[in-house]
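Below is one structure; the comments refer to it alone.
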Amino acid sequence: MSVNYNEGENVFLKAYGRYETLIERGEGVYLYDTNGKKYLDFFAGIGVNSLGYQHPKYTKALTQQLNQLTHVSNYFYTPISIEAAKKVVKATHLSKVFFCNSGAEATEGALKLARKYYYLKNGVADSEIISLNHSFHGRSTGSVKLTGNENYQKPFGPLIEGVQYGNINDLESVKRLVNDKTAAIIVEPVQGEGGVNPCTKEFLVGLRQICDEKDICLILDEVQCGMGRTGTIMTYFQYDIMPDILCLAKGIGAGVPVGAFVASEKVGAAMQPGDHGSTYGGNPFVCAAVSSVFDILEEEHLIEHVQEVSQYLIEKLDSLANQYDIIKERRGLGLMQGLELKVPVKPVINELFEDGVIVVSAGANVIRMLPPFIVEKEHIDEFIKKLEKSLKNLK
Ligand SMILES: *Cc1c(COP(=O)(O)O)cnc(C)c1O
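So this is what it looks like as structure tokens:
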């Protein structure tokens, strides 16, 4: 194929700053570009490709579904969509699923459900939502308003009204915003784009209490941290709390566009025919992916594997943090790790890319690592060696 990077620049909107290469193929934890250069992928398509590339069981499940039925409207259930939804319910300990196509659609849907629940209770559509600064919930005009980052919002106004922002791990900052119109509080248990910031247990449990007292929906956005990435199938199990509404995407399809919002019995009952919809949402093809992701996580004990290898990664990163003064802090849960430097990380990330390793930043000073779950200790060793080399060059 004789296409090149510049041809891409000619035909695409300049919405992204992209690497000057064309990725052609993936296998296991590695990606290959059109020149045959190999990259160790510690980013996994922004935490999507949890099974790595060309996982045989996943590929087989999708191929089988392709040969049977890829799409039918949501006027019908299909056997595979029911199977996928049952697995979501079982894994989340929640009750009712709505499949959509992306993380932004999952948070939009969660927002609509919380507002509908409030509307049925109060008879007026004047609800408010509390989100957090440095959060990320998507790029559509509703979800970008939930996203506590003015840079992403400014040119696109007017956006939806009634969203206010507290600060992570500062319960008082949220309490101050709660009033009789508050319909929902939306939080990522581990903020991803905002710099890999885990919530403290005190904070999340405190939010749960506020929501219980005032009958407010707690929406947990596990689009990035969910589906096993942090070492439990859902991150909230580590906090001993339950959401009223959960948002999933990224790892739930492991490479096909699918998201979901999942509700408790009580809150889910607010959704009635005609309230929400999606043409593609949860079609048989993507549900085959969802179903096989749950099967593979279980059959291959991948979440236990995440616990084991993430411990190894954390030890190695902590040891770097002790050795290099330029590192401010390591933080994260499981295979969702961030390394904050005292300086911008761009040169490190660019050098790693030249050296055949893919990672990205989360904010200017944080290196974000989201390797596929199938990563082994030898890959971590390779990663740490190259990371250390580029840190040395920075000094
Ligand atoms: C990526 C992300 C989203 C948005 O998902 P898209 O599929 O890009 O729309 C929402 N919330 C969180 C926490 C994310 O990491």
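If you read the sequence shown in the working numbering, its first letter stands for residue 1, the second for the next number, and so on. The beta-carbon is built from N, C-alpha and C at its ideal position, and this holds for glycine as well.
Check                                                                                                                                                                        : Outcome
How about L40 and V267: do their beta carbons lie closer than 7 Å?                                                                                                           : no
With distances taken Cα to Cα, identify the nearest neighbour of M336 among D318, K342, G26 and S310.                                                                        : S310
Going along the chain, which unbroken runs of the alpha helix (DSSP H) with 4 or more residues stay wholly within the segment 283 to 335?                                    : 284 to 299 and 302 to 323
Does C247 come out as helix, strand or coil in the three-state DSSP assignment?                                                                                              : strand
Using only the heavy atoms of ligand 2, determine whether one of them is closer than 6 Å to the beta carbon of V72.                                                          : For ligand 2, the structure offers nothing, since it holds only ligand 1.
Taking Cβ to Cβ, would you say P344 is nearer than 7 Å to F42?                                                                                                               : no
Please state whether the Cβ-Cβ distance between F99 and G231 is less than 7 Å.                                                                                               : no
If I measure Cβ to Cβ from V48 and keep anything under 7 Å in the same chain, skipping five residues before and after, which residues do I get?                              : K250, G251, A254 and G255
Could you have a look at E340 and say whether DSSP puts it in helix, strand or coil?                                                                                         : strand
Using the beta-carbon count (16 or more within 10 Å), is T92 buried or exposed?                                                                                              : buried
Okay, do the segment 112 to 122 and the segment 270 to 287 touch, 3+ Cβ pairs below 8 Å being the bar?                                                                       : yes
Using 8 Å as the Cβ pair cut-off and three pairs as the minimum, do the segment 294 to 307 and the segment 51 to 68 touch?                                                   : yes
Mind checking whether G338 and V359 have CB atoms under 7 Å apart?                                                                                                           : no
Give me, in chain order, the residues of the same chain whose beta-carbon lies closer than 6 Å to that of E128; leave out the 5 immediate sequence neighbours on both sides. : G162, K181 and T182
Does the beta-carbon distance from L207 to I185 come in below 7 Å?                                                                                                           : yes
Among the residues of its own chain, which have a CB less than 8 Å from the CB of L22, if the five just before and after it don't count?                                     : V3, N4, Y5, G8, D33 and T34
Run through the DSSP bridge pairs and tell me what T182 is partnered with.                                                                                                   : E128
Should Q153 be listed as close to ligand 1, given that the test is whether its C-beta is under 6 Å from any heavy atom?                                                      : no
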